[in-house]
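Trainee: Pasting in a structure now, in C-alpha cells, and then I'll have a few things to ask.
Number of protein chains: 2
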Amino acid sequence: MATTSPAVTEVPARAAEREARGGASAYLRLREAIVDGRFQPNERLVEADLARTFGAGRTAIRAALVRLDQEGLVERQPNRGARVRLVSDREALEIEEVRVALEQMLARHAATRITPRDTRNLRQILEEMTARVDAGDPLGYSELNSRFHEMIWAIAGQGVASTLVANLKSQSIRFQYRTILQPGRPDRSLREHAEIVEALAARDPDRSEAAMREHLSRVVETLKQAIARHHTR
Amino acid sequence: MATTSPAVTEVPARAAEREARGGASAYLRLREAIVDGRFQPNERLVEADLARTFGAGRTAIRAALVRLDQEGLVERQPNRGARVRLVSDREALEIEEVRVALEQMLARHAATRITPRDTRNLRQILEEMTARVDAGDPLGYSELNSRFHEMIWAIAGQGVASTLVANLKSQSIRFQYRTILQPGRPDRSLREHAEIVEALAARDPDRSEAAMREHLSRVVETLKQAIARHHTR
DNA sequence: AAAATACGGATTGTCGACAATTCTATGCAC
DNA sequence: GTGCATAGAATTGTCGACAATCCGTATTTT
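Going down the list, the sequences are from chains A and B.
Following the working numbering, the numbering of the first sequence begins with 235 at its first residue and continues without gaps.
Following the working numbering, the numbering of the second sequence begins with 235 at its first residue and continues without gaps.
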C-alpha cells in the first residue's frame, strides 16, 4: 500500500485468516514490517516494545512471533527473545534453487491448464515489462516480474506449491535487488520470459518446464556471481 | 516409539529446539501424537484437555497449536478451536507433486556430492529392501524406503529443500499405505531405486534427476489410481 | 591486571482469572 | 413435529502479575 507493491508477497494461505481487529492482525502487520525491511536483519524484537508499537497485547505479539518463527522470517531462541532472521548467502542460494524446482513444476502444470484469456494477460504483462526496460525503470520491472510469475502460479492451480514459493520469496526478498541490478540482465531476462509465454501458449508442458528452468537457472547463476563478487570485495 | 517407526519423520529444523522439560516439548509430543495418528483427522483439539494430557500449561499448548497450524498439521479457526487437519485427496496429490519436484532437485545435487561411503550405504539399504520384499514385509520395506530417501536428502546438503520435503511428508503420512499396498508395486519400486543408486554412483546429475523423477512420477500415478478407486467404490 | 563472582536491570516464560465467543440443549410458538 | 429464540455450558482469547532466565556491569579475588 504505502511503501512497496501490495501483491509482491502473498500471505501464505491457511491459519486463522479472519482475525479480530487489533488483536491478531498484529501478525499481519508485523510480517509486513519485516518483509518491507522496516526492521533490520538480526534486529532484536522485544515483545513489550512491539506490543506498544502495534497497539496489541503481549499475548498477540507472542503468537505472531511463534508463527513468524515457523515461517522462517524470525528466529526465536528460548529465553533470549526473537530477532529478524538473517538469511545467509548460502541459504539464499538454497532458497533460489528450491524456487527453480517448484516453478518448473508449476510451469509444467500451467501449460496443461492455460486458457486463451490467460495467454492474453501474460502477453500484456510482457509488453509492459518491455516498456519498463526501455524506460529504465528497474523497480517497475521487478514488480511486473513478480506479477508475471504469480500469474503462472495461479494458472497452475497448485495451491500447495504456490504457498511454498510465496513463502520462500518473502524470506529472500532482501536479496532480490542483487540480481536485478546486473548489467545486461534485463534484455536477456525479457527474452526468457517471452519464451516462457510462447511455450505456455503452445500448451507444451515439457517446453514450458524447460523454459522456466532455463530462465531461473540463469537467475541462480546471476545470484551466485553477485554473491561471489559481494564476498571478495 | 510404540506405534510406528521413530525416524520416519524428522522434525523440521529451526525454532527453539532446546526447550524446557515439561514446558514446550509439548510441541514435540503433540506433533508426534498427530503424525503417529493417535488423533483422528478432524478431531477437535481442546486446549484444556491437551494441557492435562501432556502435563503442560495451556500457554504451552497454545503456542504448540499455533506452530502446528503454521506447519499444516492442525487447523485453527478463531474462537472455534483447533482440529487435526484433514488433507483432502486433492491436496495429497498436490503434496506428492511438490515432493517429486523437490526430490528431483535433491537427487541432482546429491549426484555432485556423493562419496564412495555414501554409495556403500545406499547399496546396503537397497539390499535390505530386497530382503524385506522377499520376506513379504511391507511395513519394514516402507521404513527402509523412508531411510533411503532421507539419506539422499542428507547427501544433497540442501537444508532448505530437505526441511520442506520432511514437512510435506508428515502432512501426507496418512496416505502412504495406499501406495504401498498396490499389487506388483514392490518389484518395480525396487528396480527404480536401484537405478537411482546407479545414477548417483555414476555422479551423473541428469541421470539421477531423471531416475528420481521416473520413480516418484510412478508413485504419483499409483496414488492417483488408488484415490480414484477409493472414490468410486 | 586478569579472571572469577556477584549483583541489578531487562526480558522472556508461565500461570490464573476473567471476558468474549461459540456450541448445545431446552422451551416455546405455530 | 418443525422452526426459532433463549439460557447455560464449554471453550477460546486476552490481560496482568510474577517467577525464571539472561546480559552487562561492577566488585572481589588471586
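A virtual CB, placed ideally from N, CA and C, is assigned to each residue, including glycine.
Quick check for students: name the residue ranges of the alpha helix (DSSP H) that lie wholly in the stretch 321 to 355 of chain B, counting only runs of 4 or more.
Mentor: You should have 323 to 347.
Trainee: By Cβ distance, which residues of its chain are closer than 8 Å to Ala267 (chain B), with the 5 residues on each side in sequence left out?
Mentor: The residues are Phe273.
Trainee: Per DSSP, which residues does Glu266 (chain A) bridge with? Please list them.
Mentor: None, per the DSSP bridge assignment.
Trainee: Quick one: Cα of Trp387 (chain A) to Cα of Asp368 (chain B), how far?
Mentor: Straight-line Cα distance between these residues: approximately 44 Å.
Trainee: What residues are listed by DSSP as bridge partners for Glu362 (chain A)?
Mentor: Note: Glu362 (chain A) sits in no beta bridge, so no partner.
Trainee: Short of 7 Å in beta carbon distance, which residues of its chain neighbour Ala462 (chain B), apart from the five on each side in sequence? Order them along the chain.
Mentor: Within the same chain, Ala462 (chain B) has no close Cβ partners at all.
Trainee: Three-state secondary structure (DSSP) at Val242 (chain B)?
Mentor: Only weak support is given to the placement of Val242 (chain B): the predicted model assigns it a pLDDT of 40, under 50, and the value that follows is read from those uncertain coordinates. Reduced to three states, the DSSP call for Val242 (chain B) is coil.
Trainee: Beta carbons nearer than 8 Å to chain A: which residues of the stretch 289 to 322 of chain B have them?
Mentor: So the close ones are Arg296, Ala297, Val300, Arg301, Asp303, Gln304, Glu305, Gly306, Glu309, Arg310, Gln311 and Pro312.
Trainee: Relative to chain B, which residues along the stretch 384 to 395 of chain A have a C-beta separation below 8 Å, given in chain order?
Mentor: Answer set for the stretch 384 to 395 of chain A: Gln392, Gly393, Val394 and Ala395.
Trainee: Would you say the stretch 330 to 350 of chain B touches the stretch 370 to 381 of chain B, given that touching needs at least three Cβ pairs under 8 Å?
Mentor: These segments do not touch.
Trainee: Does the CB of Met446 (chain B) have a neighbour CB from chain A at under 7 Å?
Mentor: So, not an interface residue.
Trainee: Please report the residue range of the alpha helix (DSSP H) in which Val399 (chain A) lies.
Mentor: First-last of the alpha helix (DSSP H) with Val399 (chain A): Gly393 to Ser406.
Trainee: With which residues is Arg310 (chain A) paired in a DSSP beta bridge?
Mentor: Answer is A:Ala316.
Trainee: Are the Cβ atoms of Leu434 (chain A) and Ile295 (chain A) separated by less than 7 Å?
Mentor: No.
Trainee: Assess, as a yes-or-no matter, whether the stretch 299 to 312 of chain A is touched by the stretch 302 to 309 of chain B under the definition of 3 or more beta carbon pairs within less than 8 Å.
Mentor: Output reads yes: the stretch 299 to 312 of chain A touches the stretch 302 to 309 of chain B.
Trainee: Quick one: grab the DSSP three-state call for Arg278 (chain B).
Mentor: Strand at Arg278 (chain B).
Trainee: Between Arg437 (chain B) and Thr287 (chain B), how many whole angstroms is the CB-CB distance? I'm expecting something under 8 Å.
Mentor: In fact, because the Cβ distance is near 50 Å, the residues do not count as touching under 8 Å.
Trainee: Between which two residues does the alpha helix (DSSP H) containing Ala436 (chain A) stretch?
Mentor: Run containing Ala436 (chain A): none; DSSP gives neither H nor E here.
Trainee: Quick one: using the 10 Å Cβ neighbour count with 16 as the cut-off for buried, is Gln392 (chain A) buried or exposed?
Mentor: Buried, by the Cβ-count rule.
Trainee: List the residues of chain B that Val332 (chain A) touches, going by C-beta distances under 8 Å, in chain order.
Mentor: Simply Leu336, Met339, Gln392, Val394, Ala395 and Leu398.
Trainee: Along chain A, which residues have their Cβ under 7 Å away from the Cβ of Glu281 (chain B)?
Mentor: Chain A residues near Glu281 (chain B): none, gap ~13 Å exceeds 7 Å.
Trainee: Between Leu450 (chain A) and Lys403 (chain A), what straight-line distance do the alpha-carbon atoms span, to the nearest angstrom?
Mentor: Using only the alpha carbons, I get a separation of about 13 Å.
Trainee: Go ahead and pull the three-state DSSP assignment for Asp368 (chain A).
Mentor: Here Asp368 (chain A) sits in helix by DSSP.
Trainee: For the alpha helix (DSSP H) holding Arg296 (chain B), just list the boundary residues, first then last.
Mentor: Arg296 (chain B) -> alpha helix (DSSP H) spans Arg292 to Glu305.
Trainee: Please tell me whether Ile329 (chain B) has its Cβ less than 7 Å away from any Cβ of chain A.
Mentor: Closer than 7 Å: yes.
Trainee: Is it buried or exposed for His343 (chain A), if we count other Cβ within 10 angstroms and need 16 for buried?
Mentor: Result: buried.
Trainee: Using a C-beta to C-beta distance shorter than 9 Å, which residues of chain B count as neighbours of Glu325 (chain A)?
Mentor: In chain order: Gly393 and Val394.
Trainee: With DSSP collapsed to three states, give me the class of Thr456 (chain B).
Mentor: Helix, per DSSP.
Trainee: So, for Ala298 (chain A): in the same chain, excluding its five sequence neighbours on each side, which residues have a beta-carbon less than 7 Å away from its beta-carbon?
Mentor: If we look at Ala298 (chain A) and ignore the five residues flanking it on each side, its Cβ neighbours are Ala260, Tyr261 and Leu264.
Trainee: Taking just the CA atoms, how far does Arg317 (chain A) sit from Leu284 (chain A)?
Mentor: Rounded to whole angstroms, Leu284 (chain A) to Arg317 (chain A) spans 12 Å at the Cα level.
Trainee: Less than 6 Å between C-beta atoms, sequence neighbours within five positions excluded: which residues of the same chain meet that for Ala258 (chain A)?
Mentor: For Ala258 (chain A), the predicted model reports a pLDDT of 47, less than 50, meaning its position is unreliable and no value from the coordinates is stated.
Trainee: Measure the Cβ-Cβ separation of Val332 (chain B) and Ala282 (chain A) and say whether it is below 7 Å.
Mentor: Contact: no.
Trainee: Cutting at 7 Å between CB atoms, please list the residues of its own chain near Leu320 (chain B), excluding the five before and the five after it.
Mentor: Here the set comprises Pro275 and Asn276.
Trainee: For Gln358 (chain A), is the classification buried or exposed, using 16 other Cβ atoms within 10 angstroms of its Cβ as the cut-off for buried?
Mentor: The residue is exposed, with fewer than 16 neighbouring Cβ atoms inside 10 Å.
Trainee: Less than 7 Å between the C-beta atoms of Leu360 (chain B) and His427 (chain B), yes or no?
Mentor: It is a contact, given that the beta carbons lie within the stated cut-off.
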